[in-house]
Structure formats: C-alpha cells, structure tokens
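*Asks:*
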Amino acid sequence: MRAAVLRTQTTAAARRPGRLILTGLAILVASFVVFGTVLVQQITERTVRDNLSGTPAVTDLVIGSVDVPPPTVRDVQQIRAVPGVAEAVARVATGVSIGEGYLNLQSDPGAGPLSTVRVVEGRYPDAPGQIAITPRTAERLGLSVGTTTSATGGELSAPAPLTVTAMVETTADAGNDAYAPESAVIGWARLTAVDRVDVRVTPGTEADAVRQRVTAVVAAQPIRSGAEVRDAEANAVAEQVGKLFILVGMFVSIAVAAAALVVTSTFRIVFAQRMRQLALLRAVGASRATLVGALTAEGALTGLVAGVVGVAAALTLGYALPPALRAAGHQVSTPGLPLVAAVTVVIGAVVITVLAVLAPALSAARVSPLEALRSASTTAGRRGIGALRLAFGLLLAVGAILAAVGTISRLPKPEQSNYDASMPLLLLIGSGTLAFFALVALGPLLVRPVLAVVGWPLRQLGPIGRMSIGGIGGAPRRAAAVSVVVALGVTLISGVVIGGASLQILADREMALSAPTDFEVTTNGGTLPPAVVTRAEAARGALARVVPYRRVDDARLLRGADKLGDVEAGYPTSDLDLAALPSTKALDVAQGALTDRGPGRIVVNSWVARDAGLRAGDTVTLAVATGRVDVRVAAVLPGDGPLHAGILADPADLDRLGVPAAYTGLLADAAGAGEDGRTAGVRALRQAIGGSDGVGLAVLADERDRNDALVRTLVWIAVGLVSLTVLIAVVGVGSTTALSVVERVRESGLLRAIGLSRTGLRTMLTVESGLYGVIGATIGLVLGIPYAWLAVQTLGIEAPLTAPLLPLAGLFVVLVGLTALAGVLPARRASRVSPVEALGAEN
2 MRAAVLRTQT
12 TAAARRPGRL
22 ILTGLAILVA
32 SFVVFGTVLV
42 QQITERTVRD
52 NLSGTPAVTD
62 LVIGSVDVPP
72 PTVRDVQQIR
82 AVPGVAEAVA
92 RVATGVSIGE
102 GYLNLQSDPG
112 AGPLSTVRVV
122 EGRYPDAPGQ
132 IAITPRTAER
142 LGLSVGTTTS
152 ATGGELSAPA
162 PLTVTAMVET
172 TADAGNDAYA
182 PESAVIGWAR
192 LTAVDRVDVR
202 VTPGTEADAV
212 RQRVTAVVAA
222 QPIRSGAEVR
232 DAEANAVAEQ
242 VGKLFILVGM
252 FVSIAVAAAA
262 LVVTSTFRIV
272 FAQRMRQLAL
282 LRAVGASRAT
292 LVGALTAEGA
302 LTGLVAGVVG
312 VAAALTLGYA
322 LPPALRAAGH
332 QVSTPGLPLV
342 AAVTVVIGAV
352 VITVLAVLAP
362 ALSAARVSPL
372 EALRSASTTA
382 GRRGIGALRL
392 AFGLLLAVGA
402 ILAAVGTISR
412 LPKPEQSNYD
422 ASMPLLLLIG
432 SGTLAFFALV
442 ALGPLLVRPV
452 LAVVGWPLRQ
462 LGPIGRMSIG
472 GIGGAPRRAA
482 AVSVVVALGV
492 TLISGVVIGG
502 ASLQILADRE
512 MALSAPTDFE
522 VTTNGGTLPP
532 AVVTRAEAAR
542 GALARVVPYR
552 RVDDARLLRG
562 ADKLGDVEAG
572 YPTSDLDLAA
582 LPSTKALDVA
592 QGALTDRGPG
602 RIVVNSWVAR
612 DAGLRAGDTV
622 TLAVATGRVD
632 VRVAAVLPGD
642 GPLHAGILAD
652 PADLDRLGVP
662 AAYTGLLADA
672 AGAGEDGRTA
682 GVRALRQAIG
692 GSDGVGLAVL
702 ADERDRNDAL
712 VRTLVWIAVG
722 LVSLTVLIAV
732 VGVGSTTALS
742 VVERVRESGL
752 LRAIGLSRTG
762 LRTMLTVESG
772 LYGVIGATIG
782 LVLGIPYAWL
792 AVQTLGIEAP
802 LTAPLLPLAG
812 LFVVLVGLTA
822 LAGVLPARRA
832 SRVSPVEALG
842 AEN
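Residues in the sequence shown are numbered consecutively from 2, following our numbering.
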C-alpha cells in the first residue's frame, strides 16, 4: 500500500508539471538567487584578481617589502647587473608641494612592458626636474605641457623647478598624480632608497636561477615572484569582497527562509484542493504515516525540480552576462563551474522543501475517510489557530518586547565616551527574530483587524471591493502566510531606507564640519595676503561665495582667575560665519541653539564642553595673550566644530581680544555644477593666490563626493539585498493567487452566472492579490520604523531618526502594485473559464 500511494502521488505530480513548478516557484527563485550569488562572487573575485593588481603581468620578481628597510639606489644598480635580468624598474613615490597644490610623484619607465602609464601628449620626462601628469591633475592644478613651477619634496631643503613635459593616462586618476623615470625622481628629490624593485627576466632564462643570483647580491631583501605579489594585491581586495559576500549571505538566508514560508503556504493550498482524493486513499487502507510519506516525497520531487531549474537558470545567466559586459567595454571575468556548490544548492532546495511540506502534510494526513463522501474535492481552510500556537506566539512576542527593552537600556548615554555596540546589536537581532516568528504564529489573528482598517476605502467602492476583502478575510491563515513574507521584506527595506536617511543626515553633518564648502585656502600658520581675499571675492563668475575667517589656536577659558580644562596650549577658536555657509544648516546641537551665537556668545564643541565642564547658558571668560572677554555659552555641538574648531566666537569678540584683522583662511563654493564648475573654481582661486608663499588650496568637494558616493552605494547595496525577500514575497503572492484560482473555480463560475462580468472577476481577484501587499506593507512599516530607530541608536552613530515619508509611501505603493500585478495572470485565467464549465468542475 505504501508503495502504491507513493507512486500515485508522485505520478500525479509529474503529470502536472505546471502545478509542480507553481508550487515550488519560490524555491526555484531562492535556488536561482543562492547559486547566482555564488557565481557573482566568483565573477567579482576573478575580475579583481585579473584587473586590479598594480603589478604588471610581465613582472617575474619583486624585491623589497614594507616589513624591512627598503632597497637602496645602489641595490638597484647591482640588481641590473645580475645575469638574466632583462629589466629592473625601481618603484618609488614622494609627496611634492607646489605652493598651492600637492603632487604624488611616482617613478615609472613610461614605456615598455613594465610601464603602467601611456603618453597621450608631449614627451615623457628623461631628466631630473621633469614630470608627466594626468589630465585631471592638469585641470586641478592649472598645469599644462610646458609649464614650469617651483616645488619642494623628498629630501630637498629648498624649492626646485619642475617642468611638465607630457600628459599620461593611467588606470586611475586621483587628480594629483605625476610620473617620471626613477632616475629623474631620485635625482630631483635626492632620494637614497626606493620602495621596491620590479624585475623582468630575460626570455629563456629560469626565474628561479635569477632569483638565486639576486639573493646573493641583496641578501637582506625579501624576493617574491610577480605572481605572488599580484595575488597578494588581488587578495587584499578580494578579502573585502569576501566580507561583503558574508553580508550578502545573511540576506540570502533571510530570502531562503521567506521562500520556505511561501512553499508551506502553497502546499497547504495544494493539499486542500485534493482532500477528497486523500480521503479516498484513507478509505482504501492508506495510513496517516503513508500519506505523510507520500506527500513528503511529492515535496522532495518539487524541491528537486525547482532546485535544478533554478541552478540551471543562474548558470546560464552567469555565463551569458560576462561576454555581454565585455562587449560593452567592461572588464569582467567569466566564472568557473562550481559543481559542488550547484549540487549543494539542489540538495538544499530538496531539504528546505521537505521541511516546508511537513506541517501541511501532517495536517492533510489527518483527513477523515468520510471526507471522500463530500461532493467537493477541496476543504475549507481553518480560520483560527490552536491554543498551543497562540501560547507559543504570545511567548515569542513577550520575548521580542523584553529583548527590545534590553536593547534600549543599553543604548549609549549622552556623556558616554566608551561604547560597545556588540551586546545591544545581539539583543536587537534577537528581538527582531522573535518578533518575526511571533508574527508567523499570530499572523492569522492579525489579518482581520488590519484588513478592517486598511480595507475601509475598498468597501466604499461597491460589491467588488467588499467581495475582495471577503475573499482575503475568509482565509486568514493563507493571507497571513503570504502577508508575513511581504511584511518581512517591507520591514527590512523600510529599515534600510530609514537607516540610510539617518546615515545621510549624519554624513551631511560631518561634511558640514570637515568640508563645509567646495574649497579651502589656508596658510601654514600665517595670514592670507589681503589681495588673495580681494581677488577671490571678485571672482563671482567662478565662485558662488567666499567666506574668510580668522583662527587662533591658544584661546583659554577662565572662570575668575581659574583656568578651565586640562589643555595647556588652549583651544582652537574661529570666527567662521556659519550663516554664510548653506551646508552648516545640517548641523545639530546637543544643547542651546546656533542662532543664539553673536557678540558675547560662543559655541563650543562636545570635547571642549566636557573638558571645561560647560553647558549652554554658562558664563566664562575667553582669553588669549592679548586680552580677555566675558562670554556666555550659546550652544554645545554634539561632536567636533567646523574645520575642527573647539570654540566658535563672534568676529567682534576676536576684535576685543586684540586678534589681528588679517584672515588666516577662506572657504569658497564653485558657482558652476559638476567637474567643469569645480575646475573653474580651482583656477579662479589659483589666480587669486598667485605667487603667494605658503598659501595652499584644498578641494574639499572631492572628499564630500567620495563620502556621498559611499553612503549611496551602501544604501543601494542594502536595498538590493533586502529586495531578494520582496522578490520571494511577490512570487509567493503570484503562486498563492494562481492556486487559489484553481481552488475557487466553482465560486468564480457562480459569480459569473449571477452577473459578474469578466472584467469584474479579474478586478476582484487582482484586488485580492494586492491586498496581500497592503496587509504585509502595513505590518512591515509598523515594525520597520521602530526597529530602524533602534538599529540607528544601537550603532551609536548619533544620527537622528528620520522617516522619509515620500520614499516610504513610494515603497508602500510599489509593494501593493507588485503584489497586484502578481495576480493579473491568474485573474485573467479565471475570467476566461465558462460559467457552465466552472459550475460543473470538481477542481
């Protein structure tokens, strides 16, 4: 009997491959995602190894390491004299100051197999005092081929001329790169050592033999093969890739768990549709254990097919994508053929499906043989939950609340300097996990209350809206199973959106402190010539605003005759005008208000406030060598001050202290947008600086761009990862709607018979599908917002909770739209069935 029942179930499943795939669609997508992640990691790591090494591929030996004293110039000459050495190139880099700018001068032969640059204009340097620069460096520093400038660097004690003789292209252009042959760099900078030596062996000569000869010459220097160095350079980047994919694996695991929940729900629907058949099997002698075994085998078959199809689809895409990207000009490597990973994914799909099918199988196997006498082939789903499940769900909910309370109790205090986020994060993760499983257990009880609130607008639209709500509310267990997965995805995405917005505010605040404008002009402890400020203020076509400021580094805070704080040298103090800088609107305060700053009122950063024991409203004396003035603390910043100032004072107070009127620096913004506007601003400021000694220009906007790009990248990566769960949820909605259409064929026929049009039936079923998204998105937002706040606070990054209403509303609408679209095809199928055929169907 056991064999016969097993054969009956598996044969029936195999005869209907469409339903088989539909049942395991979530596992298919999960298998595709998991194996696709394996392939993407391989592609990324191979691309890194193939393209991101700074050592030329023809390098056979590399002499030197950061762990030992570097090779000397004499060592380089001895290495070149070794038999079998075709070429030896010394790699050395030195910083060069050219008055108003900075260059990273690097040695490179400029031609040949060991060169890393390509000349695009002019003649490559061949003598000390000559350099080649990159195009971006030329724009930033206002240099061109033929320009001569004065510079200091290396071991030079006095400025020496540098002439630009060529423009070169490299794999990366940071905007401050210069190149010259090693002899020119060493001769101009008067260096006696180099960073390392790259060696190319004469063709036909054994590299090991040359290595032994070189070792005899420079025994103190470590010697590695070029392949070893390239692997080490690539591994350093690949290690970061590996860490990233550990994070990816966590989100993929969440998606797989969501797929298991969806599969459990779909199997419940499938088994409910075959209750009469299962009852007949019980009537002819099949035991419950036999039915459980047969249904589990059906689940294993479903998992096997879904896993194989998912892996095959991922493998096809993984091999098709790199050639397409290479054709588009991107250097992307092809993945390998990870057979072990493929087999593991397929086995995992089978195991997960079997685990997911156990609960529905046990429930279905409890069918009474008398059910075979029913006229319908399906059975109504249960609407409530058992007492044991209720108690277990409540216990999980209490655990989630307690873990959240524990997290809140361990959040960093305002005055806390040492904070370890490990335990609060563990508690937060535990709370979120318990809350999710509590939602799984108690979900059927939440569907109707949530539906009563969010479904109110639909009820006002007439019978179709009321029938749609009734269709969802009539099967709360099914609705909960699918909506919980949607809720999980929305919780994760809303958390990322809120956390990203808070992180962006924090980043903007930090940039308002360290890079409040596009440019900064400073001196080495002196003052700016008045002409520099005048010319900068006159360059309105290239500069949007110019804000000069004064700075003193020895200001002290006194109360009476007593000095406050432990700093002997005093606090850095500036009269920077915050109101003139739009970016400083992002600044927050720990106490007081920035608008209260004015004559007799100062703003202090958090460190000065702690060191001096000050709070907003306190009155102290601000003193320098030339005078003192009584002031009141108007505000305390939560972190550092703009441009690392400890105290922000009003210009009138610095005048009363006797601080010279000459400015020590100025800030400016570019008038134009993009790189062109920035370049124009740089040129205008260089013209303003002219030949002023000791005056430098820093492009702060580059730092801000890097910071913004990093934040955006992190947010989009996180959104992409958590969207995997949303993808599984949408697939679950589609498969659930499709299976429920099959289950409700007679119901659809009856509705058509009493006058409901095809359009009305399609609308009703599509709205039902969208309601899964409404319920899930509502629950997800209710959970996501508080957990996002907790996550931001737990990390201790002092970012405010920000709920970006427009993105969250967009998320809600998109989720509802996606789940509604998932039901369009099943609804069209249901509407095409004839009412007469539907009323006579036994499903």
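Backbone N, C-alpha and C define an ideal beta-carbon position, used for all residues, glycine too. Computed from a prediction, not measured in an experiment: that's the story for all the values here.
Would you identify the three-state DSSP class for ALA167, choosing helix, strand or coil?
*Replies:* Correct three-state label for ALA167: strand.
*Asks:* To which residues of the same chain is VAL202 closer than 8 angstroms at the C-beta, ignoring the five residues directly before and after it?
*Replies:* Hits under 8 angstroms: ASP61, LEU62, GLY85, VAL86, ALA87, ALA208 and VAL211.
*Asks:* Inspect the beta-carbon positions of THR135 and THR171 and report whether they are closer than 8 angstroms.
*Replies:* Yes, the Cβ-Cβ distance between THR135 and THR171 is below 8 angstroms.
*Asks:* Helix, strand or coil for ASP589 per DSSP?
*Replies:* Here ASP589 sits in coil by DSSP.
*Asks:* Taking one C-beta from the region 545 to 557 and one from the region 572 to 591 each time, how about it: are there three or more such pairs within less than 8 angstroms?
*Replies:* Result yes; three or more Cβ-Cβ pairs closer than 8 angstroms.
*Asks:* Is it right to say TYR664 is buried, meaning 16 or more other beta carbons lie within 10 angstroms of its own, or is it exposed?
*Replies:* Label assigned to TYR664: buried.
*Asks:* Can you tell which of ALA539, ALA662, VAL814 and PRO57 has the C-alpha that lies nearest to the C-alpha of ALA228?
*Replies:* Looking at the Cα atoms, PRO57 is the closest of the given residues.
*Asks:* Drop a sphere of 10 angstroms on the beta-carbon of ARG763, count the other beta-carbons inside from all chains shown, and report buried for 16 or more, exposed for fewer.
*Replies:* Under this definition ARG763 is a buried residue.
*Asks:* Is LEU157 helix, strand or coil when you go by DSSP?
*Replies:* Looking at LEU157 - three-state DSSP - the assignment turns out to be coil, as it is neither helix nor strand.
*Asks:* Can we say the region 116 to 133 touches the region 179 to 191, given the rule of at least three CB pairs closer than 8 angstroms?
*Replies:* Touching, yes.
*Asks:* Suppose the cutoff is 7 angstroms on Cβ atoms and the five residues either side in sequence are ignored; what does the same chain contact list for SER607 look like?
*Replies:* Excluding positions up to five away in sequence, the list reads ALA591, VAL637, LEU638, PRO639 and GLY640.
*Asks:* Is the region 337 to 350 touching the region 29 to 49 in the sense that three or more CB pairs, one from each, lie closer than 8 angstroms?
*Replies:* As far as the Cβ criterion goes, the region 29 to 49 touches the region 337 to 350, which means the pair count is three or higher.
*Asks:* Comparing C-alpha positions only, which one of ARG449, PRO787, ALA152 and HIS645 sits nearest to GLY471?
*Replies:* Residue ARG449 is the option with its Cα nearest to GLY471.
*Asks:* What number of angstroms, rounded off, separates the C-alpha of VAL605 from the C-alpha of ASP631?
*Replies:* Roughly 15 angstroms between the two C-alpha positions.
*Asks:* What are the residues that DSSP puts in a beta bridge with GLN880?
*Replies:* What is shown of the chain runs 2 to 844, which leaves residue 880 out entirely.
*Asks:* Would you mind sorting SER832 into buried or exposed? The rule is 16 or more other CB atoms within 10 Å of its CB.
*Replies:* Buried.
*Asks:* Are the beta-carbon atoms belonging to THR166 and ARG124 less than 8 angstroms from one another?
*Replies:* In contact: THR166 and ARG124 (Cβ atoms closer than 8 angstroms).
*Asks:* For ASN177, which three-state DSSP category applies?
*Replies:* DSSP places ASN177 in coil when its eight states are reduced to three.
*Asks:* Consult DSSP for PRO573 and reduce its assignment to one of helix, strand or coil.
*Replies:* Strand at PRO573.
*Asks:* Within 10 angstroms of the Cβ of VAL198, are there 16 or more other Cβ atoms? Answer buried if so, exposed if not.
*Replies:* Result: buried.
*Asks:* May I have the straight-line CA-CA distance separating VAL732 from ALA256, to the nearest angstrom?
*Replies:* Each residue's Cα considered, the two are about 12 angstroms apart.
*Asks:* Where does ILE494 sit, in a helix, a strand or coil, going by DSSP?
*Replies:* In this structure, ILE494 counts as helix in the three-state DSSP scheme.
*Asks:* Spell out the partners DSSP gives GLY96 in its beta bridges.
*Replies:* According to DSSP, GLY96 bridges with ASN105.
*Asks:* The alpha helix (DSSP H) that contains PRO445, what's its start and end?
*Replies:* Element bounds for PRO445: 423 to 455.
*Asks:* In this structure, how does DSSP classify GLY599 when only helix, strand and coil are distinguished?
*Replies:* Of the three classes helix, strand and coil, the one that applies to GLY599 here is strand, per DSSP.
*Asks:* So, for THR680: in the same chain, excluding its five sequence neighbours on each side, which residues have a beta-carbon less than 8 angstroms away from its beta-carbon?
*Replies:* Same-chain partners within the cutoff: GLU140 and ARG141.
*Asks:* Go ahead and label GLY542 buried or exposed: buried means 16 or more other beta carbons lie within 10 angstroms of its beta carbon, across all protein chains shown.
*Replies:* Result: exposed.
*Asks:* Taking the straight line between their C-alpha atoms, what separation do you get for VAL310 and PHE813?
*Replies:* Rounded to whole angstroms, VAL310 to PHE813 spans 32 angstroms at the Cα level.
*Asks:* Assign TRP457 to buried or exposed, taking buried as 16 or more other Cβ atoms, counted over all protein chains shown, within 10 Å of its Cβ.
*Replies:* Under this definition TRP457 is an exposed residue.
*Asks:* In terms of residues, what are the limits of the alpha helix (DSSP H) holding GLY300?
*Replies:* Unbroken alpha helix (DSSP H) run through GLY300: 289 to 328.
*Asks:* What are the start and end residues of the beta strand (DSSP E) that includes GLY463?
*Replies:* Here GLY463 belongs to no beta strand (DSSP E), and DSSP marks it neither H nor E.
*Asks:* Could you name the residues of the same chain whose beta carbon sits closer than 7 angstroms to that of LEU435, not counting the 5 residues immediately before and after it, in chain order?
*Replies:* Within the same chain, LEU435 has close Cβ partners LEU397, GLY400, ALA401 and ALA404.
*Asks:* Do THR45 and THR267 count as a contact pair if the criterion is CB distance below 8 angstroms?
*Replies:* Not closer than 8 angstroms, so no.
*Asks:* Rounded to whole angstroms, what's the CA-CA distance from GLY697 to ILE729? Just pull it up for me.
*Replies:* One C-alpha to the other measures close to 55 angstroms.
*Asks:* Whole-angstrom Cβ separation of ILE506 and VAL720, contact assumed at under 8 angstroms?
*Replies:* That belief does not hold up - the Cβ atoms of ILE506 and VAL720 are roughly 18 angstroms apart, past 8 angstroms.
*Asks:* Have a look at THR117, ARG231, ALA159 and ALA89 and flag the residue whose alpha-carbon is nearest the alpha-carbon of ARG47.
*Replies:* Of THR117, ARG231, ALA159 and ALA89, the residue nearest in Cα terms is ARG231.
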